[in-house]
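Presented below is the structure to which this report refers.
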Amino acid sequence: MSKGSFLKRGLPVSISLSPTLDAEHMQPKIPQSKKRLITISLMAIIVAILISFIAKFLMFIIGFITQLSFFGQLSMTTEANPSLNHLGIWVIFIPAIGGLIVGLMALYGSQAIRGHGIPEAMEQILTNKSKIKPTIVYLKPISSAIAIGTGGPFGAEGPIIATGGALGSTLGQILKISNNERKILLAAGAAAGMATIFGSPVSSIFLAIELLLFEFSPRSIIPVALACITGAAGHHLFFGQGPVFPMGTQVAMPGNTALLWYSIMGLVLGFLSILATKSVFWIEDLFAKIPINWFWYPAIGGLIAGVIGYFAPRTLGVGYFNITDILTGSLPITLLLSLSILKFLSWTIALGSGTSGGTLAPLLTIGGATGLLFGMAIQHYFPNSGINLPLAALIGMSALFAGASRALLTSIIFAIESTGQSNALLPLLAACSGAYFVSFFFMKYTIMTEKIARKGVKIPESYEPDVLEKIRVSQVTKSNTMVTHSSDSINTVKELILKDNQHINYFMVRSDDGTYIGYLSVMDLFGNHPEQQTIGSLITDKNEVFISDSENLLFALKLLIKKDKEALPVKNDQGNYIGLLTYKDILSAYQINQGEFIKTNPAISLKRQGLKILARGSHIMGDRRQRHPRH
1 MSKGSFLKRG LPVSISLSPT LDAEHMQPKI PQSKKRLITI SLMAIIVAIL ISFIAKFLMF
61 IIGFITQLSF FGQLSMTTEA NPSLNHLGIW VIFIPAIGGL IVGLMALYGS QAIRGHGIPE
121 AMEQILTNKS KIKPTIVYLK PISSAIAIGT GGPFGAEGPI IATGGALGST LGQILKISNN
181 ERKILLAAGA AAGMATIFGS PVSSIFLAIE LLLFEFSPRS IIPVALACIT GAAGHHLFFG
241 QGPVFPMGTQ VAMPGNTALL WYSIMGLVLG FLSILATKSV FWIEDLFAKI PINWFWYPAI
301 GGLIAGVIGY FAPRTLGVGY FNITDILTGS LPITLLLSLS ILKFLSWTIA LGSGTSGGTL
361 APLLTIGGAT GLLFGMAIQH YFPNSGINLP LAALIGMSAL FAGASRALLT SIIFAIESTG
421 QSNALLPLLA ACSGAYFVSF FFMKYTIMTE KIARKGVKIP ESYEPDVLEK IRVSQVTKSN
481 TMVTHSSDSI NTVKELILKD NQHINYFMVR SDDGTYIGYL SVMDLFGNHP EQQTIGSLIT
541 DKNEVFISDS ENLLFALKLL IKKDKEALPV KNDQGNYIGL LTYKDILSAY QINQGEFIKT
601 NPAISLKRQG LKILARGSHI MGDRRQRHPR H
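With full-length UniProt numbering, letter number 307 in the sequence shown gets 307, and the count goes up by one each step, no holes.
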């Protein structure tokens with residue numbers, strides 16, 4: 001037989017395969033089966049049920065501590081208004097005492113209780129395989145209840161979101177599930193916490209998508225949605241069934257002139273959101289320069305919040321009642337200035353000190369007050385503007401949150417769910433889009449991402465499908481793969497490669513009757529082998545893995561990594577061999593379609609580069625059940 005007889009270019013070669021190999025390796029494998037999805041969904045519902053009770057307990061503890069701190073009463077109520085206290089100047093020291101206790105809890109418990117919850121959950125998802133310390137499940141709500149109950153200018157939603165995430169993560173660690181499944185449970189718990197506090201399941205789902213999941217797929221949306229529905233049921237059970245911020249009457253659909261003003265308002269609040277975000281981290285940097293131990297910072301921040309609370313009592317505590325009052329559109333200008341300016345100072349200083357509390361309620365209060373002031377000014381100078389003051393307040397609170405967090409859909413849907421104002425959809429969309437536009441173009445990071453970005457954590461900016469998932473194996477498989485016979489000698493194959501100037505890395509080997517045996521790399525030909533040794537004798541692993549040309553490259557990359565292979569033989573629908581798929585082929589396709597240049601580093605194998613790309617797109621790299629390459 002001549003040397004050229006075993007070299008095939010562009011021609012299908014029939015390869016006989018056993019039924020066992022076909023059934024095991026050729027059929028597409030679903031990353032997460034429907035049965036597994038049901039299991040994770042049931043876990044998410046359980047987490048949501050537990051977090052509903054924890055949310056009720058948190059609100060009870062906040063009310064209890066507020067009554068004890070400001071009124072000296074051991075009351076069992078869950079509602080307390082610290083602004084009605086009669087402590088006089090002594091009120092200054094109450095938030096400072098709470099801040100000191102939180103600082104000590106962070107020092108001797110866990111520093112993870114510091115902050116407003118969502119950034120910390122994001123960091124664990126992006127850097128720690130969605131693993132949150134189980135102690136956060138009880139340390140976070142207790143520390144937040146102390147901080148808020150002693151007058152800290154925060155909301156309860158941040159702590160309960162963090163607690164729900166910690167609960168989901170803890171359950172995931174106990175059950176030894178995959179990293180992606182743990183991420184889903186974390187997001188489900190966090191979203192269920194928000195749904196329980198505000199009775200807003202739809203916006204809670206969007207919160208998980210925009211800030212925690214970094215993906216949009218059935219395997220994540222279904223568990224999160226079920227958890228949010230459960231959390232909303234918990235809200236109805238423990239906190240009532242009406243809107244959490246009732247506005248009394250339904251606002252009318254605005255005209256085009258009013259829509260223009262609401263859009264301008266959104267742009268203005270976008271710049272305010274930048275100021276709010278930058279202020280928090282500027283103050284945090286100032287605290288870091290104080291030459292004392294960091295656990296004193298919350299006490300200092302609490303002392304300043306107490307001073308402000310002495311002059312403006314409504315800045316103390318959760319202040320959900322402030323939001324309801326603002327949405328009536330009837331508060332006096334002096335009180336609105338107090339809530340927009342002094343609440344801003346109190347919240348930014350206290351949060352920058354590193355205490356424990358939420359950001360949503362303060363942003364809603366500040367934004368609502370600012371929006372109402374803006375609406376009053378427009379009405380005064382432009383009487384025919386068509387501005388509705390309660391709607392201006394609603395738009396202000398939603399737009400400020402949209403700009404600060406860049407959670408656009410969450411901000412819009414939350415405003416509608418929490419007030420029941422369906423006619424506000426269009427002006428909310430206009431204003432929140434304007435705030436988002438300003439934030440995106442003038443601020444690199446948000447109030448949710450600035451902290452973790454400073455630690456060098458890469459935050460995903462888009463949730464588009466993985467580029468490898470859109471490319472089929474048939475599009476990149478080379479049809480001129482070299483095919484040899486197992487009886488050919490090593491020397492014969494070497495001469496053929498050199499003579500025909502074949503730029504190949506791998507080639508196929510089959511028996512004389514055409515049965516597929518395996519593949520070899522060109523490097524396998526070199527070494528201490530007798531030149532007359534046959535090619536077939538170099539193949540040690542004959543139980544090869546195959547892939548169909550109709551599969552996508554993401555599946556191929558997963559299969560390469562899972563099976564620890566350097567290449568995959570490719571078959572078409574007729575069962576004919578059409579070539580080999582290698583790491584280099586996949587990376588080249590990624591480079592071309594993604595528009596990125598992947599520099600080849602001799603010290604880093606193609607397989608490791610493939611792992612990096614796969615980790616970026618599918619987050620399976622940390623799966624406990626997955627066996628990584630041994631390079």
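Using N, Cα and C, we set each Cβ at its ideal position, and we do this for glycine too.
- request: Please classify residue 708: does DSSP put it in a helix, a strand, or coil?
  value: Since the displayed the chain opens at 1 and closes at 631, residue 708 lies outside it and no answer follows.
- request: Look up L553 in the DSSP assignment and say whether it is helix, strand or coil.
  value: helix
message: Between the alpha carbons of H380 and S330, how many angstroms are there, rounded?
response: Between the alpha carbons of H380 and S330 lies a gap of roughly 15 angstroms.
Presumed contact (8 angstroms Cβ cut-off) between D549 and N528, rounded CB distance: So it is not a contact: roughly 37 angstroms between Cβ atoms.
query: Taking all protein chains shown into account, do 16 or more other C-beta atoms lie within 10 angstroms of the C-beta of M448, making it buried, or fewer, making it exposed?
result: buried
The alpha helix (DSSP H) enclosing A48, as first and last residue numbers: 34-71
- request: Using 10 angstroms around the beta-carbon of P119, count the other beta-carbons present and answer buried if the total reaches 16, otherwise exposed.
  value: buried
field: Residue range of the beta strand (DSSP E) that includes M508
entry: 506-510
message: Given a cut-off of 8 angstroms on the beta-carbon distance, is the pair T135 and I54 in contact?
response: no
message: I need the DSSP call for L104, collapsed to helix, strand or coil.
response: Three-state DSSP puts L104 in a helix.
- prompt: Hey, how far is the Cα of residue 639 from the Cα of I184?
  reply: The question about residue 639 has no answer, for the chain in this structure spans 1 to 631.
- request: Check whether the region 150-163 touches the region 361-377, counting contact only when three or more Cβ pairs, one atom from each stretch, lie closer than 8 angstroms.
  value: The region 150-163, when compared against the region 361-377, does touch it at the 8 angstroms Cβ threshold.
- prompt: Can you tell me whether DSSP reads P602 as helix, strand or coil?
  reply: Low local confidence applies: a pLDDT of 37 at P602 is under 50, so the model's placement there is unreliable, with the coordinate-based value given in what follows. P602: coil per DSSP, three-state reduction.
- prompt: When DSSP labels each residue in this structure, what does P31 get in the three-state scheme?
  reply: Per-residue confidence for P31 stands at a pLDDT of 46, beneath the threshold of 50, marking its modelled position as unreliable; the derived number appears in the next sentence. Coil, per DSSP.
- prompt: If we ignore side chains and look at the alpha-carbon of each, how far apart do L394 and L327 end up?
  reply: L394 and L327: Cα-Cα distance of roughly 6 angstroms.
message: Across the region 55-70 and the region 291-302, are there enough close Cβ pairs to call them in contact, namely three or more that are closer than 8 angstroms?
response: no
- prompt: Just curious, the alpha helix (DSSP H) that L269 is in, first and last residue?
  reply: 256-288
Reference A453; option with closest CA among L557, L126, W261: L126
field: Expected contact under 8 angstroms - CB spacing of L408 and A392 to nearest Å
entry: Wrong, their Cβ atoms sit about 19 angstroms apart, outside the cutoff.
task: Determine the closest residue to L167 out of L50, L84, L269, K278, with distance taken between C-alpha atoms.
output: L50
query: From what residue to what residue does the alpha helix (DSSP H) around Y436 run?
result: 425-442
- prompt: Taking Cβ positions, are I94 and G306 nearer each other than 8 angstroms?
  reply: yes
message: Spatial neighbours of L286 within its chain, please: C-beta separation below 8 angstroms, excluding the five flanking residues on both sides.
response: G352
query: Does the beta-carbon of E596 have 16 or more other beta-carbons within 10 angstroms, so that it is buried, or is it exposed?
result: Bear in mind that a pLDDT of 44 at E596, under 50, signals an unreliable position, so the number given afterwards is only what the model happens to contain. Burial call: exposed.
A112 - containing beta strand (DSSP E), residue span: Taken as a continuous stretch (DSSP letters only), A112 belongs to no beta strand (DSSP E), as it is neither H nor E.
query: Any idea if D513 is buried or exposed, counting beta-carbon neighbours within 10 angstroms, 16 or more meaning buried?
result: exposed
task: Express the C-alpha separation of S200 and A225 in angstroms, rounding to a whole number.
output: Roughly 11 angstroms between the two C-alpha positions.
Alpha carbon of F281 to alpha carbon of W347, nearest angstrom: 12 angstroms
- request: Would you identify the three-state DSSP class for V522, choosing helix, strand or coil?
  value: helix
task: Identify every run of the alpha helix (DSSP H) within the region 151-182, keeping only runs that are complete inside it and at least 4 residues long; order them along the chain.
output: 157-174
field: Minimum C-alpha distance to I304 - residue among I387, L342, T334, N552
entry: L342
field: Inter-residue Cα distance where the pair is K565 and A191
entry: C-alpha separation (whole angstroms): 40 angstroms.
query: What residue does the beta strand (DSSP E) around Y577 start on, and which one ends it?
result: Looking at the DSSP string, the run of the beta strand (DSSP E) that includes Y577 is 576-582.
- prompt: If we call anything under 8 angstroms between Cβ atoms a contact, is M105 one with L58?
  reply: no
- prompt: Within 10 angstroms of its Cβ, does F198 collect 16 or more other Cβ (buried), or is it exposed?
  reply: buried
task: Helix, strand or coil for A567, going by three-state DSSP, please let me know.
output: strand
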